[in-house]
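Below you'll find the structure, written out as structure tokens, and then a few comments.
Chains as they are written, first to last, in the working numbering: chain A, 1419 to 1741; chain B, 1419 to 1741.
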């Protein structure tokens, strides 16, 4: 694959080149990794998309929200990319965004780009690939990159590490309980969006929104938040109501963060985070090479037989790895 | 330090040599690590202690239990070592076993050896050091090594990875609830010991014991358990009742496991586990060397400024590390 051509294609906003680039960063083949690194290093750096993290448990209407929200952004002349991190993808073989028909209208738009979650064994691997895919989407001139996830904490954390704004999507609750949303996830949210504020569910959505607004007021104020944030609001993705208001709040928040230095500071901290993660991963990836695996397995057998102490065996292994 | 002399001293069961050996394995100085590895490799391997993991939240009477249980073992002519893993020690500077006066009688016995938790920043580091300290106690001819921990899951897991038997100590519950013991921790327990079965608390201890016995019956049977295990029983560490019964059950369990191959199989799997953990740690420890730290920090600044892509910077860093 010619990396120069790929860079040019991506910089020109060609979706096919972008898709090929993402396939390259998702590959774990050693030669592909080298090409992916060269690609990432050669990408134009001056473009910056708004990266929106979006989390919500199954059933809250994430696909419908992304479809309606994405179509509204496109109607405003923006280009929208949708990526996903699925912590369960190693088991299910990719469950979220796996089916583009879930976003029927959006997937047919020329200004939209939808990519399912890479399937990998480790969440860390999926996350690193997705971070690189975000960089490719940015270089391809997308204005907004939506990063979807569903999980119970860990995947939200990694999505927050690659997002400028984090939205938590909820469904109206039956009673007045807080739907078992973990405190840690709530603390990551910049905007809590209560979906399905339509028809019979509207009163319940109202109550849920008020409950969360109350709960958010009890959290400690973060330096990166202007007055009134984090906030809770209602939308109906189905009836397409509340979407432009949500977008307005996202813009108000990010404008304030840009003006007050928090945007740049967060981006710098995120870049450091991914650098450190990638260093650690690269070091540990040495263990996956066939020769290393064979040596590990041989020493592991000796250790299991009690013929050699685990600490000594580990030292011997690392010493021969470095040679 | 002369490693040969240290090996001889430890093999002769000298407590001072043992203490010096443990100090050596706890050190993170590079020359100490090399000496510690040599020490571990040179230890006699034929001695095998019974390693008992012991967990329980603060207030259940762990110290009193260890004191009474340890004194009973010593009265039977056994030598007893007590080690600890404290997941909070990085913050508090060592809270469990930090004070030997908590085990006043035991600490004065010549056949007892008590060592507080090493203070380290990472649970992983503490755990690895403690695993090595267990190996030293074994080589010093201790018959029983008690490994104490208090935690909410993670530290129990690492203690289970270095124990032959795992005891979960509980206090009598006020009502009939299961004291918020996490399912994961309960599934690790071989014997649940309800302490404080004395005085006013005896009826509550009885109820708690019956509740847990019922809960244990609902868990899936593990291959390494003979009939009747895991089980729940009552003790009063204060009144020294139920202790020899607990010891009897521990022996019955371990005799069965030895006879049926589970003891050796578990030890082999644990040795493999610690080998792999130590390999990973040794690889990542390269990042702690002063030169590597300086290079990391320099590249991290460039990454934060957007001058270099995180993936490319990571690749460059690892490449120069290997040279």
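Heads up, the beta-carbon is just placed ideally off N, CA and C, and yes, glycines get one too.
Per DSSP, the bridge partner or partners of residue i
{"i": "residue 1649 (chain A)", "result": "A:1609"}
{"i": "residue 1584 (chain A)", "result": "A:1471"}
{"i": "residue 1530 (chain B)", "result": "B:1498"}
As assigned by DSSP and simplified to three states, the class of residue i
{"i": "residue 1638 (chain B)", "result": "coil"}
{"i": "residue 1655 (chain B)", "result": "coil"}
{"i": "residue 1454 (chain A)", "result": "helix"}
{"i": "residue 1568 (chain B)", "result": "coil"}
{"i": "residue 1562 (chain B)", "result": "strand"}
{"i": "residue 1701 (chain A)", "result": "helix"}
{"i": "residue 1434 (chain A)", "result": "helix"}
{"i": "residue 1507 (chain B)", "result": "With a pLDDT of only 49 at residue 1507 (chain B), under the threshold of 50, the placement of this residue in the model should not be trusted; the figure read from the coordinates follows. Looking at residue 1507 (chain B) - three-state DSSP - the assignment turns out to be helix."}
{"i": "residue 1675 (chain A)", "result": "helix"}
{"i": "residue 1466 (chain A)", "result": "coil"}
{"i": "residue 1643 (chain A)", "result": "coil"}
{"i": "residue 1369 (chain A)", "result": "One cannot answer for residue 1369 (chain A) here, as it falls past the ends of chain A, which runs 1419 to 1741."}
{"i": "residue 1732 (chain A)", "result": "helix"}
{"i": "residue 1591 (chain A)", "result": "coil"}
{"i": "residue 1660 (chain A)", "result": "coil"}
{"i": "residue 1579 (chain A)", "result": "coil"}
{"i": "residue 1602 (chain B)", "result": "helix"}
{"i": "residue 1632 (chain A)", "result": "helix"}
{"i": "residue 1461 (chain B)", "result": "coil"}
{"i": "residue 1693 (chain A)", "result": "helix"}
Beta-carbon neighbours of residue i, restricted to chain A and to distances below 7 Å
{"i": "residue 1692 (chain B)", "result": "1728"}
{"i": "residue 1700 (chain B)", "result": "1732, 1733 and 1736"}
{"i": "residue 1455 (chain B)", "result": "1729, 1730 and 1733"}
Alpha-carbon spacing of residue i relative to residue j, whole angstroms
{"i": "residue 1504 (chain A)", "j": "residue 1541 (chain A)", "result": "8 Å"}
{"i": "residue 1591 (chain B)", "j": "residue 1543 (chain A)", "result": "44 Å"}
{"i": "residue 1661 (chain B)", "j": "residue 1467 (chain B)", "result": "19 Å"}
{"i": "residue 1723 (chain B)", "j": "residue 1472 (chain A)", "result": "26 Å"}
{"i": "residue 1550 (chain B)", "j": "residue 1499 (chain B)", "result": "13 Å"}
{"i": "residue 1446 (chain A)", "j": "residue 1683 (chain B)", "result": "34 Å"}
{"i": "residue 1644 (chain B)", "j": "residue 1479 (chain B)", "result": "28 Å"}
{"i": "residue 1493 (chain B)", "j": "residue 1483 (chain B)", "result": "15 Å"}
{"i": "residue 1436 (chain B)", "j": "residue 1668 (chain B)", "result": "26 Å"}
{"i": "residue 1671 (chain B)", "j": "residue 1647 (chain B)", "result": "8 Å"}
{"i": "residue 1736 (chain B)", "j": "residue 1738 (chain A)", "result": "17 Å"}
{"i": "residue 1685 (chain B)", "j": "residue 1422 (chain B)", "result": "27 Å"}
{"i": "residue 1459 (chain A)", "j": "residue 1701 (chain A)", "result": "20 Å"}
{"i": "residue 1510 (chain A)", "j": "residue 1536 (chain A)", "result": "The pLDDT assigned to residue 1510 (chain A) is 45, lower than 50, so where the model puts this residue is not dependable; a value taken from the coordinates is nonetheless given after this. So the alpha carbons of these two residues sit roughly 12 Å apart."}
{"i": "residue 1557 (chain B)", "j": "residue 1429 (chain B)", "result": "6 Å"}
{"i": "residue 1650 (chain A)", "j": "residue 1705 (chain B)", "result": "42 Å"}
{"i": "residue 1637 (chain A)", "j": "residue 1589 (chain B)", "result": "34 Å"}
{"i": "residue 1450 (chain A)", "j": "residue 1443 (chain A)", "result": "7 Å"}
{"i": "residue 1656 (chain B)", "j": "residue 1634 (chain B)", "result": "26 Å"}
{"i": "residue 1607 (chain A)", "j": "residue 1475 (chain A)", "result": "14 Å"}
{"i": "residue 1631 (chain A)", "j": "residue 1496 (chain A)", "result": "30 Å"}
{"i": "residue 1425 (chain A)", "j": "residue 1546 (chain A)", "result": "20 Å"}
{"i": "residue 1600 (chain B)", "j": "residue 1586 (chain B)", "result": "11 Å"}
{"i": "residue 1481 (chain B)", "j": "residue 1520 (chain B)", "result": "6 Å"}
{"i": "residue 1576 (chain A)", "j": "residue 1605 (chain B)", "result": "30 Å"}
Contacts that residue i makes with chain A (C-beta to C-beta distance below 9 Å)
{"i": "residue 1655 (chain B)", "result": "Residues of chain A passing the Cβ test: none, with the nearest at roughly 34 Å."}
{"i": "residue 1709 (chain B)", "result": "Chain A residues near residue 1709 (chain B): none, gap ~14 Å exceeds 9 Å."}
Contact set between residue i and chain B, taken where Cβ atoms lie within less than 9 Å
{"i": "residue 1575 (chain A)", "result": "Correct list: empty, because the minimum Cβ distance to chain B is about 17 Å."}
{"i": "residue 1572 (chain A)", "result": "None at all; the shortest Cβ gap to chain B is about 14 Å."}
{"i": "residue 1550 (chain A)", "result": "1727, 1728 and 1729"}
{"i": "residue 1445 (chain A)", "result": "Correct list: empty, because the minimum Cβ distance to chain B is about 13 Å."}
Residue range of the unbroken beta strand (DSSP E) whose run includes residue i
{"i": "residue 1503 (chain B)", "result": "1498–1503"}
{"i": "residue 1487 (chain B)", "result": "Run containing residue 1487 (chain B): none in the beta strand (DSSP E); it sits in the alpha helix (DSSP H), 1480–1493."}
Extent of the continuous alpha helix (DSSP H) run through residue i
{"i": "residue 1723 (chain B)", "result": "Careful: residue 1723 (chain B) lies outside any alpha helix (DSSP H) and carries neither H nor E."}
{"i": "residue 1547 (chain B)", "result": "1541–1557"}
{"i": "residue 1614 (chain B)", "result": "Unbroken run through residue 1614 (chain B): none, as it is neither H nor E."}
{"i": "residue 1425 (chain B)", "result": "1421–1429"}
{"i": "residue 1525 (chain B)", "result": "1522–1525"}
Amino acids of chain B, ordered along the chain, whose beta-carbon sits closer than 8 Å to that of residue i
{"i": "residue 1704 (chain A)", "result": "1701"}
{"i": "residue 1718 (chain A)", "result": "1690, 1693 and 1694"}
{"i": "residue 1459 (chain A)", "result": "1726, 1727, 1729 and 1730"}
Contact list for residue i against chain D, beta-carbon separation under 7 Å
{"i": "residue 1559 (chain B)", "result": "Checking the listed chains, one finds no chain D in this structure; the protein chains it contains are A and B."}
Contacts of residue i in chain A (Cβ-Cβ under 8 Å)
{"i": "residue 1712 (chain B)", "result": "Near residue 1712 (chain B) there are no residues of chain A at all, since even the closest Cβ is about 14 Å away, more than 8 Å."}
Chain B contact residues for residue i, given Cβ-Cβ distances below 7 Å
{"i": "residue 1426 (chain A)", "result": "Under the 7 Å cutoff, chain B gives no residues; its nearest Cβ is about 17 Å from residue 1426 (chain A)."}
{"i": "residue 1463 (chain A)", "result": "1724"}
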